[in-house]
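*Asks:* Here it is: the structure, laid out below.
Residue numbers (the UniProt record's numbering): 1 to 143.
Structure below.
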């Protein structure tokens, strides 16, 4: 026995639910240390593609213990405070996208000496004399 559809009947299917497109995976750019003082470092980074939910900055504190700072996803700078003078720090920055860590960028910074504020390089000394020298024109004979 063969089953057939009645004449004129048309098979209908329900429309497929809309596919929700996920935004592109974000990407971290360069991490740079700026405004370095004896007790703090400002970190600045870029996000050339996409958007992160938040960021995590990791480093080791003065006693070598791991430290982590949570940073809002819309921020592109953070100032790390409570650092020790004349010490090298390595900072790692991760982006968080959903529940995943995405990307890792790192930079090193050496805090300044003592509590004298931001360092200028090359050093500038108030009242120091500057000068220049230009050889005199001695003509073609060289005398």
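All C-beta atoms in this analysis are idealised placements derived from N, C-alpha and C, irrespective of residue type, glycine included.
A quick note: this is a predicted structure, and the numbers were derived from the prediction, not measured.
(1) Helix, strand or coil for residue 52, going by three-state DSSP, please let me know.
(2) Quick one: which unbroken beta strand (DSSP E) runs of 3-plus residues sit fully inside the UniProt domain "Fibronectin type-III" (23-119)? Chain order, please.
(3) Can you tell me the Cα-Cα spacing of residue 49 and residue 23, whole angstroms?
(4) Note down the Cα distance separating residue 106 from residue 73, rounded to an integer number of angstroms.
(5) Have a look at residue 45 and residue 88 and give me their C-alpha separation to the nearest angstrom.
(6) Evaluate residue 111 with the Cβ neighbour count: other Cβ atoms within 10 Å of its Cβ, from every protein chain shown; 16 or more gives buried, anything less gives exposed.
(7) Can you tell me whether residue 70 is buried or exposed, with buried defined as 16 or more other CB within 10 angstroms of its CB?
(8) Is it true that the CB of residue 83 sits closer than 8 Å to the CB of residue 41?
(9) Could you give the C-beta distance for residue 43 and residue 80, rounded to a whole number, given that I count them as a contact under 8 Å?
*Replies:* On the basis of the supplied data:
(1) Here DSSP, grouped into helix, strand and coil, assigns residue 52 to coil.
(2) Counting whole runs of 3 or more residues, the UniProt domain "Fibronectin type-III" (23-119) contains the beta strand (DSSP E) stretches 31-34, 40-45, 54-60, 66-72, 77-81, 88-97, 100-110.
(3) Residue 23 has its alpha-carbon roughly 10 Å from the corresponding atom of residue 49.
(4) CA-to-CA, the gap between residue 106 and residue 73 works out to about 18 Å.
(5) Residue 88 has its alpha-carbon roughly 19 Å from the corresponding atom of residue 45.
(6) Buried: at least 16 other Cβ atoms inside 10 Å.
(7) Exposed, by the Cβ-count rule.
(8) Going by C-beta atoms, residue 41 is nearer than 8 Å to residue 83.
(9) Between residue 80 and residue 43 the Cβ distance is about 7 Å, and since that is below 8 Å, they are a contact.
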